[in-house]
Amino acid sequence: MKFYLDGYNVIGQANHISLTDSNKIERFIEWLKKYLKKGDQLVIIFDGKNKFVDFPTTQKLPGMTIIHTPASQSADDYIKDKVLTKKDTSNLVVVSSDRDILFHAKKAKVKAMRSADFLSWFCHESMGSTGKKSPNITNEHIEYWLDAFNQES
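Each residue of the sequence shown is one higher than the one before, counting from 2 in my numbering.
The structure is reproduced here in C-alpha coordinates:
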(Lines of atoms letter the chains of each structure in order from A and count residues from 1; the text may use other names and numbers.)
(Lines give C-alpha, C1' and ligand atoms only; values in the text may rest on other atoms or scores of the structure.)
Protein backbone atom coordinates (compact mmCIF):
# COMPACT_ATOMS: atom_id res chain seq x y z
CA MET A 1 0.00 0.00 0.00
CA LYS A 2 1.10 3.54 -0.67
CA PHE A 3 0.08 6.15 1.91
CA TYR A 4 0.10 9.91 1.32
CA LEU A 5 0.38 11.48 4.77
CA ASP A 6 -0.53 15.08 5.50
CA GLY A 7 2.58 15.40 7.67
CA TYR A 8 1.78 18.15 10.17
CA ASN A 9 -1.84 17.03 10.37
CA VAL A 10 -0.80 13.50 11.37
CA ILE A 11 1.81 14.78 13.84
CA GLY A 12 -0.90 16.98 15.38
CA GLN A 13 -2.92 13.85 16.14
CA ALA A 14 0.00 11.97 17.73
CA ASN A 15 0.09 12.06 21.55
CA HIS A 16 3.83 11.44 21.70
CA ILE A 17 4.97 14.39 19.53
CA SER A 18 4.06 18.04 19.90
CA LEU A 19 3.73 20.42 16.96
CA THR A 20 5.79 22.90 19.01
CA ASP A 21 8.72 20.45 19.21
CA SER A 22 11.58 21.77 17.07
CA ASN A 23 12.51 18.16 16.16
CA LYS A 24 8.95 17.02 15.42
CA ILE A 25 9.66 15.87 11.86
CA GLU A 26 12.72 13.82 12.85
CA ARG A 27 10.89 12.30 15.83
CA PHE A 28 7.90 11.46 13.63
CA ILE A 29 10.07 9.81 10.97
CA GLU A 30 11.90 7.73 13.60
CA TRP A 31 8.57 6.64 15.08
CA LEU A 32 7.25 5.65 11.64
CA LYS A 33 10.42 3.62 10.96
CA LYS A 34 9.73 1.48 14.04
CA TYR A 35 6.34 0.36 12.70
CA LEU A 36 6.87 0.38 8.94
CA LYS A 37 5.86 -2.91 7.34
CA LYS A 38 7.62 -4.43 4.38
CA GLY A 39 5.80 -3.53 1.17
CA ASP A 40 4.25 -0.32 2.48
CA GLN A 41 5.38 3.01 1.05
CA LEU A 42 4.84 6.22 3.02
CA VAL A 43 4.93 9.58 1.29
CA ILE A 44 4.95 12.25 4.00
CA ILE A 45 4.19 15.74 2.76
CA PHE A 46 5.09 18.87 4.75
CA ASP A 47 4.61 22.56 3.98
CA GLY A 48 7.77 24.09 2.54
CA LYS A 49 8.98 27.12 4.42
CA ASN A 50 11.96 28.24 2.36
CA LYS A 51 10.75 31.15 0.20
CA PHE A 52 13.80 30.77 -2.04
CA VAL A 53 12.90 27.22 -3.06
CA ASP A 54 10.12 27.09 -5.64
CA PHE A 55 10.10 23.34 -6.16
CA PRO A 56 9.36 20.41 -3.87
CA THR A 57 12.36 18.91 -2.09
CA THR A 58 12.44 15.17 -1.65
CA GLN A 59 14.30 12.89 0.75
CA LYS A 60 14.13 9.15 0.14
CA LEU A 61 14.48 6.59 2.90
CA PRO A 62 13.71 2.85 2.80
CA GLY A 63 9.91 2.64 2.54
CA MET A 64 9.49 6.42 2.89
CA THR A 65 9.64 9.56 0.87
CA ILE A 66 9.62 12.91 2.69
CA ILE A 67 8.47 15.87 0.61
CA HIS A 68 8.63 19.55 1.53
CA THR A 69 6.45 21.51 -0.86
CA PRO A 70 7.64 24.69 -2.56
CA ALA A 71 6.96 27.83 -0.50
CA SER A 72 4.30 28.82 -3.03
CA GLN A 73 2.25 25.65 -2.43
CA SER A 74 0.77 24.21 0.75
CA ALA A 75 1.03 20.53 1.61
CA ASP A 76 -2.78 20.39 1.35
CA ASP A 77 -2.75 21.70 -2.23
CA TYR A 78 0.11 19.37 -3.14
CA ILE A 79 -1.81 16.34 -1.85
CA LYS A 80 -5.05 17.38 -3.58
CA ASP A 81 -3.20 17.93 -6.85
CA LYS A 82 -1.46 14.54 -6.65
CA VAL A 83 -4.69 12.72 -5.78
CA LEU A 84 -6.61 14.30 -8.65
CA THR A 85 -3.88 13.69 -11.25
CA LYS A 86 -2.76 10.14 -10.31
CA LYS A 87 -3.64 7.62 -13.00
CA ASP A 88 -3.66 4.51 -10.80
CA THR A 89 -5.09 5.13 -7.34
CA SER A 90 -6.07 1.53 -6.56
CA ASN A 91 -3.20 1.08 -4.10
CA LEU A 92 -3.29 4.59 -2.61
CA VAL A 93 -4.58 5.78 0.77
CA VAL A 94 -4.66 9.48 1.71
CA VAL A 95 -4.16 10.16 5.42
CA SER A 96 -5.43 13.45 6.83
CA SER A 97 -8.14 14.86 9.04
CA ASP A 98 -8.49 17.92 6.82
CA ARG A 99 -12.04 17.87 5.43
CA ASP A 100 -11.03 19.46 2.13
CA ILE A 101 -8.35 16.85 1.49
CA LEU A 102 -10.75 14.04 2.42
CA PHE A 103 -13.36 15.56 0.08
CA HIS A 104 -10.87 15.62 -2.81
CA ALA A 105 -9.83 12.03 -2.10
CA LYS A 106 -13.46 10.93 -2.19
CA LYS A 107 -14.03 12.92 -5.39
CA ALA A 108 -11.05 11.14 -6.99
CA LYS A 109 -12.30 7.77 -5.64
CA VAL A 110 -9.16 7.37 -3.53
CA LYS A 111 -9.28 5.59 -0.17
CA ALA A 112 -8.85 7.92 2.78
CA MET A 113 -8.16 7.53 6.47
CA ARG A 114 -8.32 10.06 9.28
CA SER A 115 -4.98 10.83 10.94
CA ALA A 116 -5.87 9.46 14.39
CA ASP A 117 -7.22 6.25 12.83
CA PHE A 118 -4.04 5.84 10.81
CA LEU A 119 -1.80 6.27 13.88
CA SER A 120 -3.76 3.70 15.82
CA TRP A 121 -3.96 1.24 12.93
CA PHE A 122 -0.33 1.72 11.84
CA CYS A 123 1.28 0.92 15.18
CA HIS A 124 -1.12 -1.90 16.09
CA GLU A 125 -1.19 -3.51 12.65
CA SER A 126 2.58 -3.35 12.37
CA MET A 127 3.11 -5.05 15.70
CA GLY A 128 1.66 -8.12 14.09
CA SER A 129 0.14 -11.13 15.69
CA THR A 130 2.20 -13.33 17.94
CA GLY A 131 0.26 -16.32 16.66
CA LYS A 132 -0.98 -17.15 20.14
CA LYS A 133 -4.69 -17.59 20.54
CA SER A 134 -6.73 -17.47 23.69
CA PRO A 135 -8.32 -20.77 24.62
CA ASN A 136 -12.07 -21.13 24.36
CA ILE A 137 -13.47 -20.70 27.84
CA THR A 138 -16.67 -22.52 28.58
CA ASN A 139 -19.10 -22.25 31.48
CA GLU A 140 -17.56 -25.49 32.77
CA HIS A 141 -14.15 -23.75 33.04
CA ILE A 142 -15.69 -20.78 34.82
CA GLU A 143 -17.54 -22.99 37.30
CA TYR A 144 -14.36 -24.97 38.03
CA TRP A 145 -12.32 -21.84 38.83
CA LEU A 146 -15.13 -20.22 40.80
CA ASP A 147 -15.36 -23.35 42.91
CA ALA A 148 -11.56 -23.49 43.29
CA PHE A 149 -11.32 -19.92 44.55
CA ASN A 150 -14.38 -20.08 46.75
CA GLN A 151 -13.20 -23.12 48.74
CA GLU A 152 -11.91 -22.39 52.21
CA SER A 153 -8.73 -24.14 53.37
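Glycine residues also receive a C-beta, built at the ideal position from the N, C-alpha and C atoms. Keep in mind the model is a prediction, meaning the values are calculated, not measured.
Could you name the residues that DSSP lists as bridge partners for residue i?
{"i": "Q60", "result": "I67"}
{"i": "K3", "result": "Q42 and L93"}
{"i": "K112", "result": "V94"}
{"i": "F47", "result": "H69"}
Can you tell which of the options has its C-alpha closest to the C-alpha of residue i?
{"i": "I26", "options": "I68, F4 and Q74", "result": "I68"}
{"i": "K61", "options": "A76, S75 and I45", "result": "I45"}
{"i": "G40", "options": "G64, S121 and D82", "result": "G64"}
{"i": "G13", "options": "D89, Y145, D82 and F119", "result": "F119"}
{"i": "F104", "options": "E31, L43 and K81", "result": "K81"}
{"i": "D78", "options": "A106, F150 and N24", "result": "A106"}
{"i": "T86", "options": "L33, F29 and A109", "result": "A109"}
{"i": "A1", "options": "T90, W122, E144 and Q42", "result": "Since the first residue of the chain shown is 2 and the last is 154, residue 1 is not available in this structure."}
{"i": "D101", "options": "T70, Y145, L33 and S75", "result": "S75"}
What residues in its chain sit with their C-beta under 8 Å from that of residue i, if we drop five residues either side in the sequence?
{"i": "A72", "result": "G49, K50, N51, K52, F53, V54 and D55"}
{"i": "L20", "result": "Y9, I12 and G13"}
{"i": "N92", "result": "M2 and K3"}
{"i": "T70", "result": "I46, F47, D48, G49, P57, A76, D78 and Y79"}
Between which residues of its own chain and residue i is the CB-CB distance below 7 Å, once the five residues before and five after are set aside?
{"i": "C124", "result": "Y36"}
{"i": "K83", "result": "Y5"}
{"i": "M28", "result": "One point to set straight first is that residue 28 is Arg, not Met, in the sequence displayed. Closer than 7 Å at the Cβ level, and outside the excluded window around R28, lie I18 and D22."}
Using C-beta distances below 6 Å, list every residue in its chain close to residue i, excluding the 5 sequence neighbours before and after it, in chain order.
{"i": "T90", "result": "V111"}
Stretch-stretch touch, CB-based, cutoff 8 Å, three pairs: the region 97-115 with the region 136-143: no
Stretch pair the region 96-112 + the region 2-19: three plus CB contacts closer than 8 Å: The region 96-112, when compared against the region 2-19, does touch it at the 8 Å Cβ threshold.
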